[in-house]
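See below for the structure under consideration.
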Amino acid sequence: MRPIRKAVFPVAGLGTRFLPATKAVPKEMLPVVDRPLIQHVVDEAREAGIEHFIFVTGRNKGVIEDHFDRQFELEHALTERQRQTDLALLARDLPGPGTASFTRQQLPLGLGHAVWCARELVGREPFALLLPDVLVQHRPGCLAQMIEAARHIERPNIIAVEQVPSDRVHMYGVIGIGERNGSLFAVTEMVEKPARERAPSNLIITGRYILQPEIFDVLAQEKRGAGGEIQITDAMIELSKTQPFYALEFEGRSFDCGSKVGFLAANVAYALAREDIAPAMRAELRRLLDEG
Ligand code: UTP
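In my numbering, the protein residues as written are 3 to 294.
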């Protein structure tokens with residue numbers, strides 16, 4: 003397959019489920035431990051070999067751009083205080099000069115529309131799409147696993163999937179699977195939020211995609227789907243009529259950080275995975291649970 007060099011991060015949504023926290027602060031900047039959600043996802047993309055980071059932002063999202071820029075006054079203050087370790091950590095997180103691009107989705111017309119807004123920056127090459135409100139805790143990361151699994155496939159469209167209990171399938175995009183090809187399954191069907199008895203499986207689409215550029219041609223038709231929004235799943239269903247889609251059941255634990263409980267669980271899980279704070283965190287959790 004052609005190398006996947008570019009990743010798209012749609013960050014233009016309103017984050018209404020997190021109001022009032024997201025009134026002035028973008029959802030994607032909410033921290034999981036001490037890193038904003040968007041930084042965790044950029045880390046995953048970088049680890050997978052992504053060279054160009056494309057952010058689809060919107061109004062009130064300027065702080066995301068600032069986060070991926072140098073902060074001269076802060077660097078100066080840290081230098082004066084000889085905080086070399088902090089300086090090195092900040093430098094490590096920064097995308098290289100010219101490797102981050104920002105474009106705006108002028109209205110939040112849906113995830114599919116946000117992706118379409120990136121078409122000029124992506125060009126005619128396959129790309130990765132990562133939703134910043136989904137975190138997958140695993141090394142290697144979810145995107146790296148997908149790229150590895152697709153190495154031998156000519157022009158892959160790949161969706162990361164995971165199993166959920168069948169009483170929860172109605173909340174997600176669900177796929178049907180056919181033949182196995184290495185660790186990938188052929189996708190036979192995609193259904194958005196099916197009734198439990200109509201779901202083709204209990205494998206749900208989980209916020210990571212590798213897509214061929216022809217998806218932009220489908221999105222250009224601006225067809226409205228559920229909620230009057232331009233949906234990426236609808237576009238994938240259309241593209242799957244002419245191109246194969248595969249699914250990877252990735253390794254790792256996912257957190258839906260667009261929901262309050264998912265976000266809080268991610269904070270606990272990521273804190274417990276950190277050597278420096280895990281012991282204190284564990285003690286706090288025990289105390290809280292005993293009291294509760
Ligand atoms: P969500 O639907 O989870 O985010 O979209 P949202 O709309 O911001 O949140 P709620 O439901 O109101 O709480 C998943 C990702 O797609 C982006 C969001 O920013 C989020 O990162 N998105 C969504 C866009 O960029 N544009 C859109 O029109 C919709």
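Backbone N, C-alpha and C fix where the C-beta goes; we use that ideal spot for every residue, glycine too.
Keep in mind it's a predicted model, so treat the numbers as computed, not measured.
How close, in whole Å, do the beta carbons of residue i and residue j come, if the pair is a contact with beta carbons under 8 Å?
{"i": "Gly133", "j": "Val34", "result": "Note on identity: in this sequence residue 133 is Leu, with Gly being the wrong assignment. So it is not a contact: roughly 14 Å between Cβ atoms."}
{"i": "Gln139", "j": "Tyr272", "result": "7 Å"}
{"i": "Ile160", "j": "Tyr248", "result": "5 Å"}
{"i": "Pro246", "j": "Ala188", "result": "7 Å"}
{"i": "Ala116", "j": "Val58", "result": "5 Å"}
Return the chain-ordered list of same chain residues with a C-beta closer than 8 Å to the C-beta of residue i, the five sequence neighbours on each side being excluded.
{"i": "Thr244", "result": "Glu216"}
{"i": "Glu46", "result": "Leu132, Val138, Gly143, Cys144, Leu145, Ala146"}
{"i": "Ala280", "result": "Ala273, Leu274"}
{"i": "Ala26", "result": "Asn62"}
So, for residue i: in the same chain, excluding its five sequence neighbours on each side, which residues have a beta-carbon less than 6 Å away from its beta-carbon?
{"i": "Glu251", "result": "Val163"}
{"i": "Thr190", "result": "Gly178, Gly180"}
{"i": "Ala151", "result": "Ser185, Leu186, Leu250"}
{"i": "Arg276", "result": "none"}
{"i": "Pro167", "result": "none"}
For residue i, tell me which candidate among the options has the shortest Cα-Cα distance.
{"i": "His172", "options": "Val189, Ile160, Arg198", "result": "Arg198"}
{"i": "Cys119", "options": "Ala222, Ser261, Gln41, Asn159", "result": "Ala222"}
{"i": "Gln147", "options": "Met192, Ala130, Arg157, Asp135", "result": "Ala130"}
{"i": "Lys262", "options": "Phe20, Gly230, His154", "result": "Phe20"}
{"i": "Pro12", "options": "Leu32, Phe70, Asp135, Lys25", "result": "Asp135"}
{"i": "Ile2", "options": "Pro167, Gly264, Arg157", "result": "For residue 2 there is no data in the structure shown, the boundaries of the chain being 3 and 294."}
{"i": "Gly60", "options": "Glu231, Thr81, Ala23, Leu16", "result": "Leu16"}
{"i": "Pro99", "options": "Asp71, Lys225, His78", "result": "Asp71"}
{"i": "Arg48", "options": "Ala9, Arg210, Ala267, Leu287", "result": "Ala9"}
{"i": "Ala268", "options": "Met3, His42, Pro5", "result": "His42"}
{"i": "Thr18", "options": "Gly260, Thr101, Tyr174", "result": "Gly260"}
{"i": "Glu77", "options": "Asp88, Pro97, Asp292", "result": "Asp88"}
When you measure from the CB of residue i to every non-hydrogen atom of the ligand GTP, does any distance come out below 8 Å?
{"i": "Lys29", "result": "Among the ligands present in this structure, namely the ligand UTP, the ligand GTP is not found."}
Using a Cβ-Cβ cutoff of less than 7 Å, which residues in the same chain neighbour residue i once the five nearest sequence positions on both sides are dropped?
{"i": "Thr208", "result": "Val136, Ala162, Val163, Glu164, Ser256"}
{"i": "Gln233", "result": "Gly112, Leu113, Gly114, Glu194, Gly227"}
{"i": "Val176", "result": "Val193, Pro196, Ala201, Pro202, Ser203, Leu205, Ile206"}
{"i": "Glu240", "result": "Val220"}
{"i": "Thr63", "result": "Here residue 63 is Lys; the residue named in the question, Thr, does not match the sequence. So the qualifying residues of the chain are Val13, Ala14, Pro28."}
{"i": "Asp95", "result": "Gln41"}
{"i": "Phe218", "result": "Trp118, Arg121"}
{"i": "Leu266", "result": "none"}
{"i": "Glu224", "result": "Ile232"}
* Segments assigned beta strand (DSSP E), at least 3 residues, entirely inside the segment 103-142 -> 129-132, 136-139
* Asked: Taking contact to mean at least 3 C-beta pairs separated by less than 8 Å, is the segment 173-180 in contact with the segment 100-115?
  -> no
* Taking contact to mean at least 3 C-beta pairs separated by less than 8 Å, is the segment 43-57 in contact with the segment 107-116? -> no
* What are the start and end residues of each continuous beta strand (DSSP E) run of 3 or more residues lying completely inside the segment 36-97, in chain order? -> 54-59
* Only counting runs of 4 or more residues, tell me where the alpha helix (DSSP H) segments fall wholly within the segment 171-225, in order along the chain. => 216-221
* Asked: At which residue ranges does the segment 226-293 contain complete alpha helix (DSSP H) runs of 4 or more residues, listed in the order of the chain?
  -> 234-241, 262-274, 280-293
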